[in-house]
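Asker: Here it is, the structure in full.
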Amino acid sequence: MILLTRILKDNKRYTLDIESDLQIQQSYYQDQSRYYKDNRNHKELDSIIQQMRDLKIRHDEILSKINKKSDQLLRDEEVKILRRDYDTFAAQKPDLALINERVEKLDPQFVYILKRNIGYYSDWRWAGVELNPSNGFLTRAFLACDPLYMYTNNVIDKEAIKKEFNSFFTEKRMMFYDNLLHLPQGQLGLAVNVNSYEFWPFDPIKTEMQKVYNLLKPGGHFIFTYNDCEQLASLDLCANDYRAYNTKTLMINMVQMLGFDVVKQDEVCNGTHSFMVVKKPGILSSQKLSSPLVAIESPKDYKIKK
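For what it's worth, our numbering labels the leading residue of the sequence shown as 17, then goes sequentially.
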């Protein structure tokens, strides 16, 4: 699958871009031949150029057949992998050890970029939700959100998450839910899901994203990570049965179909990690008049710069 993807990508670069030059030369020498009484050489040259143009057409036809065949073989491989992903998703019951192992494999540069983006879109004027927060390695970035909801569909280390904050925050401003439908609908300004969709097939992602869309206020943002197999590094992780198959093209089409606008999409660490920021259409607003007066302190000295 990786080989087929590379072939299709490289074939776009290895093309014969000579038609325009041949056409210009043919017209030039045809016009020039008018000034020669004996223009047999010009006629022969014209014939040669025409043969080259015909060969170029044939070349493009054969290359198109090669690309179509390669694309069909790739589609066949995609179907096999998608079936594998659905079977794996249905059978797998992630435990805390597996979740923590996946977190540990995240590149520190990627984690830093995610924290900066989460911190940028967090604000005391609206609530936020972290979906499947695992051990809370990103939760501090949500500090500004009031309140902060934690959606615990996967196994999480609740105590590790609570240790990131003092007792006031965990008791008054942090709330845990195991069903997105129980959260206030249409009231959130930010939702984040990190390190989940990389391991999910398409349909479960779509189902959850529809629920997230319904949770957000108009103008609310959703940040998520996923496995973009248009990047060879991510495709390699899919082919080795570590991640599920997905692509940037599929994700953009899906979020737009659900009603989101794409704000940002990026690849990090040579295509190993990918994330997207999407927005529910509208202008984000709040009726809150001031931020909380109580300081929220943490045992860890960490601060997100906006």
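Ideal Cβ placement from N, Cα and C applies to all residues, glycine included.
1. So, is the C-beta of glutamate 246 closer than 8 Å to a C-beta in chain B?
2. Would leucine 248 and glycine 287 qualify as a contact pair, given that the criterion is a beta-carbon distance under 8 Å?
3. For the alpha helix (DSSP H) containing tyrosine 136, list its first residue and its last residue.
4. CB-CB under 7 Å to glutamine 201, same chain, minus the five flanking residues each way: which ones, in chain order?
5. Alpha carbon to alpha carbon, how far is leucine 112 from glutamate 94?
6. Quick check: serine 212 and asparagine 262, are their CB atoms within less than 8 Å of each other?
7. Taking contact to mean 3 or more Cβ pairs, one atom from each stretch, closer than 8 Å, check whether the segment 282-299 and the segment 119-130 are in contact.
8. Would you tell me roughly how many angstroms separate the C-alpha atoms of arginine 99 and arginine 74, rounded to the nearest one?
9. For the beta strand (DSSP E) that contains leucine 147, what are its first and last residues?
10. Can you tell me which residues form a DSSP beta bridge with lysine 280?
11. Pull up the DSSP beta-bridge partners for asparagine 209, would you.
12. If you run the structure through DSSP and keep just helix, strand and coil, what is lysine 233?
13. Just to confirm, are phenylalanine 218 and leucine 266 a CB contact at a threshold of 8 Å?
14. For glutamine 327 versus lysine 295, is the C-beta distance shorter than 8 Å?
15. In three-state DSSP terms, what is phenylalanine 192?
16. So, valine 293 versus methionine 225, is the Cβ gap smaller than 8 Å?
17. Apply the 10 Å Cβ neighbour rule to threonine 241 and answer buried if 16 or more other Cβ atoms are within range, or exposed otherwise.
Answerer: Concretely, from the data shown:
1. The displayed structure is made up of one protein chain only, and chain B is not part of it.
2. Taking 8 Å as the Cβ cut-off, leucine 248 and glycine 287 qualify as a contacting pair.
3. Tyrosine 136 -> alpha helix (DSSP H) spans 124-137.
4. Contacts found: Asn230, Leu231.
5. When the Cα atoms are used, leucine 112 and glutamate 94 turn out to be separated by approximately 30 Å.
6. No, Cβ-Cβ distance for serine 212 and asparagine 262 is not below 8 Å.
7. Contact between the segment 282-299 and the segment 119-130 is present: three or more C-beta pairs spanning the two stretches fall below 8 Å.
8. Answer to the nearest angstrom: the Cα atoms are 38 Å apart.
9. That run of the beta strand (DSSP E) goes 143-147.
10. Listed as beta-bridge partners of lysine 280 by DSSP are Val293.
11. Bridge partners of asparagine 209: Leu147, Phe240.
12. Collapsing the DSSP output to three states places lysine 233 in a strand.
13. Taking the C-beta atoms as reference points, leucine 266 is found nearer than 8 Å to phenylalanine 218.
14. Look at the range of the chain in this structure, 17 to 322, and you will see that residue 327 is not part of it.
15. It is a strand residue.
16. Taking 8 Å as the cut-off, the Cβ atoms of valine 293 and methionine 225 do not count as close.
17. When all chains shown are included, threonine 241 counts as buried.
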